[in-house]
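Colleague: My questions all concern the structure below.
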Amino acid sequence: MPPIPPVSRTPILLMVGRDHWQKDGPLNIQLLDRLRRPGLRVAWEDPATAWVHAWQDWTRRHPGLPGWLHPWGLRGAQLAYAVVHPSYLGYLRRRGRRTVEDRCASLCHTVRALAQQGEVIVFARSSGGRVASLVADALPLSRIVCLGYPFRHPDAGDEPERYRHLATLRTPMLIVQGRHDVYGGAEVAQRYPLSPQVCLRVVEADHDFRLDPEQADRIVALIETELGW
1 MPPIPPVSRT PILLMVGRDH WQKDGPLNIQ LLDRLRRPGL RVAWEDPATA WVHAWQDWTR
61 RHPGLPGWLH PWGLRGAQLA YAVVHPSYLG YLRRRGRRTV EDRCASLCHT VRALAQQGEV
121 IVFARSSGGR VASLVADALP LSRIVCLGYP FRHPDAGDEP ERYRHLATLR TPMLIVQGRH
181 DVYGGAEVAQ RYPLSPQVCL RVVEADHDFR LDPEQADRIV ALIETELGW
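Residue numbers (the UniProt record's numbering): 1 to 229.
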């Protein structure tokens, strides 16, 4: 009797943002529009993100709005999400003060819950990649894709706790690093020890990854190649 092929699990792309994740709305939309594929599910580290993106999109289409309304609207989107989804308050409690330790604990909770539903791939930005890579080897996590890993803070000295774990990481990780990134640019390949499981690709970008359509296409093609899509 021939062996029964393994059941393919639904891929879940978990978006793990940087500390100022609200700034990445346009980038997230730009990349996700290109990464869409049958069966792919997108989840967010902060569950209110989709509502925040909807608010940001609305304000972009109404440029005459007063500037003070924008930050209040972001908080309003989160509050509205919490009213409709009371479980969001539990996430905010787990997230705590958004220290690295709090974010690690919160991300572990999120990944373990999602892993019961499908194959989890983390798509991270900046500090989100640091957090994901710190806990990945203890989690049912397929791989990490990180745009703009924060190897060093531009206003601080060397901080080995930011990168030394990457030398022994067992979870496959793709780091797409901007050549002009102030958190580590083209020199990172020579400066920081990386595990064989870490694939580093340097592209023409800075830490904010402000991309034109052609650049976005190239980065998505690079990511899809690494994921085997």
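Don't be surprised by glycine CBs; every beta carbon is placed ideally from N, CA and C. It should be emphasised that the depicted structure is a prediction, and the values quoted were computed from it without experimental measurement.
1. Roughly how far, in whole angstroms, is the beta-carbon of Leu74 from the beta-carbon of Trp55, given that I think they are within contact range, below 8 Å?
2. Taking Cβ positions, are His207 and Gly157 nearer each other than 8 Å?
3. In whole angstroms, what is the alpha-carbon distance linking Leu89 and Asn28?
4. Can you tell me where the alpha helix (DSSP H) holding Glu226 begins and where it ends?
5. Within 10 Å of its beta-carbon, does Ser87 have 16 or more other beta-carbons around it, so buried, or fewer, so exposed?
6. Counting contacts by CB-CB distance shorter than 8 Å, is Thr110 in contact with chain B?
7. Would you grab the beta carbon distance between Val198 and Arg179 for me? Rounded to a whole angstrom, and I think it's under 8 Å.
8. For Val182, which option in Phe151, Ile175 and Pro38 has the closest C-alpha, if you only look at C-alpha atoms?
9. Would you decide whether Gln117 is buried or exposed? Buried here means 16 or more other CB atoms lie within 10 Å of its CB.
10. Is it true that the CB of Ile121 sits closer than 8 Å to the CB of Pro11?
11. Please state whether DSSP places Gly178 in a helix, a strand or coil.
12. With a threshold of 16 other CB atoms inside 10 Å of the CB of Gly17, please say whether the residue is buried or exposed.
13. May I ask which residues mark the beginning and end of the alpha helix (DSSP H) holding Glu119?
14. Can you tell which of Asp102, Glu224, Leu211 and His165 has its C-alpha closest to the C-alpha of Pro196?
15. Quick check on the DSSP output: the beta strand (DSSP E) that includes Pro38 runs from which residue to which?
16. With a Cβ-Cβ cutoff of 8 Å, do Asp24 and Ser127 count as a contact?
17. Using DSSP with H/G/I as helix, E/B as strand and the rest coil, what is residue 230?
18. Just to confirm, are Ser133 and Leu174 a CB contact at a threshold of 8 Å?
19. Let me check understanding here. Comparing Cα to Cα, which of Arg103, Ile223 and Arg36 lies closest to Gln177?
20. Relative to the C-alpha of Leu139, which residue among Glu159, His153, Glu161 and His109 is closest?
Modeller: In short:
1. 6 Å
2. Not closer than 8 Å, so no.
3. 24 Å
4. Pro213 to Leu227
5. exposed
6. Absence of chain B from the displayed structure is noted, only one protein chain being present.
7. Under the criterion of beta carbons closer than 8 Å, Val198 and Arg179 do not qualify as touching, at roughly 18 Å.
8. Cα-wise, what sits closest to Val182 is Phe151.
9. Per the 10 Å Cβ criterion, exposed.
10. yes
11. Secondary structure at Gly178: strand, using DSSP grouped into helix, strand and coil.
12. buried
13. Glu119 -> not in any alpha helix (DSSP H); beta strand (DSSP E) instead, spanning Glu119 to Arg125.
14. His165
15. No beta strand (DSSP E) contains Pro38, which DSSP labels as neither H nor E.
16. no
17. No answer is possible for residue 230: the residues shown for the chain start at 1 and end at 229.
18. No, the Cβ-Cβ distance between Ser133 and Leu174 is not below 8 Å.
19. Ile223
20. His109
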